[in-house]
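Heads up: the structure comes next, in structure tokens.
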Amino acid sequence: MPPRLIRRIAHLDMDAFYASVELLRYPQLKGLPVVIGGGRRSADDALLQAHADVPLNKIPVADFPRLAGYTGRGVITTATYAARQSGVGSAMGLMKAAKLCPQAILLPVDFAEIRRYSRAFKDIILDIAPLMEDRGVDEVYIDFTEVPGGQRDGGRVLGRLIQKTIFQHTGLTCSIGVAPNKLLAKMASEFNKPNGIAIVLEEDLQDKIWPLACRKINGIGPKADEKLQGLGITTIGQLAQQEVDWLIDHFGQKTGAWLYAASHGQDERPIELESEPVSISRETTFERDLHAVRDKAELGAIFTRLCEQVAADLANKGYVGKTIGIKLRFDDFKSVTRDQTVEAYVGDAKTIRQIAGLCLKRVPLTKRLRLLGVRVASLMRLQDAAETASKKPLALSNKGSNASDLIAIEPQLFD
Ligand code: DCP
Ligand code: MG
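Note that the working numbering has the sequence shown beginning at 758, numbered continuously upward.
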């Protein structure tokens, strides 16, 4: 019989993520104090304009905007480790930071670039270890248990492989904690930041976890922490000394029991896998049944609104699609659907509305309507679609816009 595998869960968190992404563009700033925050300023545009004739990595360090003299209400989103040495960090006001570290370079956030790298590092992980839970822009949980190398040296071998591969492909570093569960892994990933790996085993609880402040438990926020401090409890070890009933008396059944389990390093939560949506849709049931002709204006407005909502959902989730569909339910509760697949991926409300309008024309609209829905399927990640389009010869991508031109001249129902 094969030996029973120890459950090994990793938490991976990118190092100074937004700042590190900027350093890829401006490698000349490596090792310098850089803070990211505030809005885009005239100084940022001026920098690029003044150096329009040189590659970004050749812009002299001396020309970058500095924190010194900053006025305004902006806050720091993140700071490089060099800047953190001066005591600046996330959520600090930029004016305060300017006093602590005036020489720091100040750059704005480029969200499109952040999303691109976020997707890239997650795809690299998925290639190596398929059980990954997406926890936001710069962190994930990974189940190491059955992945080759995931048991070796407590998971360190697989951790190193993932770090190395992410770095080779993106130039970014990350830190990894490996532990028997998500709770401990999340704490461990902070132990050796940046570019570090930390292993926490069950038997390490007393030495590595109990000395930490209660706030280090993901889920104990400032309010709960204040209450714990009021009860004389500052470390996880002190929390673990309390009777579960005493904790329940003070925090209620659910939180009390959870505090007790957490302080003893217990956490059974599974890894929740990322699931790709098959389609994105919106539908609405009307307050009263509507007639295609008599209530044309109202229906038209609702139809447009649904398309706008679907377009916004697509944008938020980062997808485009090429099958546009509608769903209608009549006053006799019978439903019909129609859809149309177009050549180019679309995501904007206007094009979705045009194609959905064509679908609508294929349905006889004699009965009154109870419900209207709009759906976009055959999805592709926006970024992958952009990359595919940019690799296509120009003639092919032109075809897509011709298709929507054609649609634009079709008369619309409900208009
Ligand atoms: N972030 C933000 N607002 C905050 C904190 C963070 O917008 N109050 C953004 C900027 C960070 C990113 O989220 O780059 C990830 O947050 P982290 O807490 O992981 O911070 P960093 O990755 O910047 O640094 P670390 O190396 O400590 O993980
Ligand atoms: Mg991070």
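Even for Gly, the Cβ is constructed at its ideal location relative to N, Cα and C.
Since this is a predicted model, take the numbers as computed values, not measurements.
Identity of the residues DSSP links to L992 by a beta bridge: Taking the sequence shown and counting its residues from 1, one reaches residue 992 at position 235. Checking the sequence shown, residue 992 turns out to be Thr, not Leu. Answer is A970.
Please output, in chain order, the residues near the ligand DCP using a CB cut-off of less than 6 angstroms to any non-hydrogen atom of the ligand. After applying the 6 angstroms Cβ criterion, the set is D770, M771, D772, A773, F774, Y775, T834, T835, S847, A848, V894, D895, K950, P951.
Quick check: the Cα distance between G844 and L769, rounded to an integer number of angstroms? Counting from 1 along the sequence shown, the entry for residue 844 is found at position 87. Counting from 1 along the sequence shown, the entry for residue 769 is found at position 12. One C-alpha to the other measures close to 24 angstroms.
Let me make sure I understand the geometry here. Which of A877, V818, I933 has the alpha-carbon closest to that of A869? Numbered from its first residue, the sequence shown carries residue 869 at position 112. Here the closest residue by C-alpha is A877.
In the DSSP assignment, find the beta strand (DSSP E) that holds H768 and state where it starts and stops. Taking the sequence shown and counting its residues from 1, one reaches residue 768 at position 11. Here the beta strand (DSSP E) through H768 covers 766-771.
Leaving out the 5 sequence neighbours to the left and right, which residues in its chain are closer than 6 angstroms to A945 when beta-carbon positions are compared? Position 188 of the sequence shown, counting from 1, holds the residue named residue 945. Here the set comprises G934, A936, A955, V957.
Spatial neighbours of H1007 in its chain, beta-carbon cut-off 8 angstroms, leaving aside the 5 residues before and after: Here residue 1007 refers to the residue found at position 250 when the sequence shown is read from its first residue. Only K984, L988, G1013 meet the Cβ criterion.
Which residues in the same chain as G1078 place their Cβ atom closer than 8 angstroms to its Cβ, once the five residues preceding and following it in sequence are excluded? For the purposes of this step, residue 1078 is taken as the residue at position 321 of the sequence shown. Taken in chain order, the residues that qualify are S1036, I1037, L1071, Y1102, V1103, G1104, V1133, A1134, S1135, L1136, M1137.
Compare the Cα-Cα distances from K939 to each of R765, A1143, T1145 and report the closest residue. The count along the sequence shown starts at 1 and reaches residue 939 at position 182. Its Cα nearest to that of K939, the residue R765 stands out among R765, A1143, T1145.
If you count every other CB in all the chains shown that lies within 10 Å of the CB of E896, and 16 or more means buried, which is it? Start at 1 with the first residue of the sequence shown, and residue 896 comes out as number 139. E896 should be labelled buried.
Secondary structure of V914, DSSP reduced to three states: Within the sequence shown, the letter at position 157 stands for residue 914. In the structure shown, V914 adopts helical secondary structure according to DSSP, grouped into three states.
Bounding residues of the beta strand (DSSP E) (the contiguous stretch that carries V792): Residue mapping note: residue 792 aligns to position 35 of the sequence shown, counting from 1. Residues 791-794.
P790, buried or exposed, once every other Cβ within 10 Å from all chains shown has been counted against 16: The count along the sequence shown starts at 1 and reaches residue 790 at position 33. Buried.
For D1089, which of L996, G850, K1124, I833 has the nearest alpha-carbon? Here residue 1089 corresponds to residue number 332 of the sequence shown, with the count starting at 1. The residue from L996, G850, K1124, I833 with its alpha-carbon nearest to that of D1089 is K1124.
Once the 5 residues before and after R913 are set aside, which same chain residues still bring their CB inside 8 angstroms of it? In the sequence shown, counting from the first residue as 1, residue 913 sits at position 156. So the qualifying residues of the chain are V935, I954, I956.
If you reduce the DSSP assignment to three classes, tell me which class A1152 lands in. For the purposes of this step, residue 1152 is taken as the residue at position 395 of the sequence shown. At A1152 the pLDDT is 35, less than 50, meaning the model places this residue with poor confidence; the figure from the coordinates comes in the next sentence. In the structure shown, A1152 sits in a helix (DSSP, three-state: H, G or I).
Is the beta carbon of G826 closer than 8 angstroms to that of A855? Here residue 855 corresponds to residue number 98 of the sequence shown, with the count starting at 1. Here residue 826 corresponds to residue number 69 of the sequence shown, with the count starting at 1. With respect to the 8 angstroms criterion, A855 and G826 are classified as neighbours on the basis of their beta carbons.
Would you mind listing the beta strand (DSSP E) stretches within the segment 773-847 that are 3+ residues and don't spill past its ends, in chain order? If we require 3 residues or more, the beta strand (DSSP E) runs fully inside the segment 773-847 come out as 791-794, 833-836.
In three-state terms, what does DSSP make of E1144? Residue 1144 sits at position 387 when you count from the first residue of the sequence shown. The three-state secondary structure of E1144, taken from DSSP, is helix.
Going by beta carbon distance, what residues of the same chain come within less than 8 angstroms of L824, once the five residues before and after it are set aside? Position 67 of the sequence shown, counted from the start, is the residue given in the question as residue 824. V792, L851, A854, A855, C858, P859, Q860, A861, I862, L863, listed in sequence order.
Just checking, does the segment 969-986 make contact with the segment 916-934 on the three C-beta pairs under 8 angstroms criterion? No, because fewer than three Cβ pairs between the segment 969-986 and the segment 916-934 fall closer than 8 angstroms, the two stretches do not touch.
If you pair each beta-carbon of the segment 1079-1086 with each one of the segment 1106-1126, do three or more pairs fall below 8 angstroms? Judged by Cβ distances under 8 angstroms, the segment 1079-1086 makes contact with the segment 1106-1126, as three or more pairs qualify.
Where R1086 falls, given that 16 or more other Cβ within 10 Å makes a residue buried: Locating residue 1086 in the sequence shown gives position 329, counting from the first residue. Label assigned to R1086: buried.
Which residues does DSSP pair with C931 in a beta bridge? As a first step, residue 931 is located in the sequence shown; it is residue number 174 there, counting from the start. Residue pairing by DSSP places C931 opposite M771 in a beta bridge.
Which whole-angstrom value is the C-beta distance of V832 and G794, which I expect to be below 8 angstroms? Your numbering for residue 832 matches position 75 in the sequence shown. Your numbering for residue 794 matches position 37 in the sequence shown. Cβ atoms of V832 and G794 come within 8 angstroms of each other, at about 6 angstroms.
Would you kindly work out how many angstroms separate the C-alpha atoms of T1094 and G1130, rounded to a whole number? Numbered from its first residue, the sequence shown carries residue 1094 at position 337. Numbered from its first residue, the sequence shown carries residue 1130 at position 373. Going by the C-alpha atoms only, they are around 9 angstroms apart.
I993 and S1032: beta carbons closer than 8 angstroms? For the purposes of this step, residue 993 is taken as the residue at position 236 of the sequence shown. For the purposes of this step, residue 1032 is taken as the residue at position 275 of the sequence shown. Cβ distance not < 8 angstroms, so I993 and S1032 don't count as in contact.
Which residues DSSP lists as bridging M889, in chain order: Position 132 of the sequence shown, counted from the first residue, corresponds to residue 889. M889 is bridged by DSSP to I899.
I'd like to know whether the C-beta of L915 is nearer than 8 angstroms to at least one C-beta of chain B. Here chain B cannot be found, since the structure has a single protein chain.
Rounded to whole angstroms, what is the Cα-Cα separation between P979 and I990? Taking the first residue of the sequence shown as position 1, residue 979 is located at position 222. Taking the first residue of the sequence shown as position 1, residue 990 is located at position 233. Their Cα atoms are separated by approximately 13 angstroms.
Best match in A839, R798, L804, Y838 for proximity to R830 [C-alpha to C-alpha]: Translated into the one-based positions of the sequence shown, residue 830 becomes position 73. Of the listed residues, the one whose Cα sits closest to R830 is R798.
Residue span of the beta strand (DSSP E) that contains T1094, given as start and end: Here residue 1094 refers to the residue found at position 337 of the sequence shown. Here the beta strand (DSSP E) through T1094 covers 1092-1103.
Assign D884 to one of two classes, buried (16 or more other C-beta atoms within 10 Å of its C-beta) or exposed (fewer than that). Position 127 of the sequence shown, counted from the start, is the residue given in the question as residue 884. Exposed, since its Cβ has fewer than 16 Cβ neighbours within 10 Å.
According to DSSP, what are the bridge partners of S1038? Walking along the sequence shown from the start, residue 1038 turns up at place 281. Per DSSP, R1132.
According to the Cβ coordinates, are L888 and L762 closer than 8 angstroms? Taking the first residue of the sequence shown as position 1, residue 888 is located at position 131. Taking the first residue of the sequence shown as position 1, residue 762 is located at position 5. The beta carbons of L888 and L762 sit no closer together than 8 angstroms.
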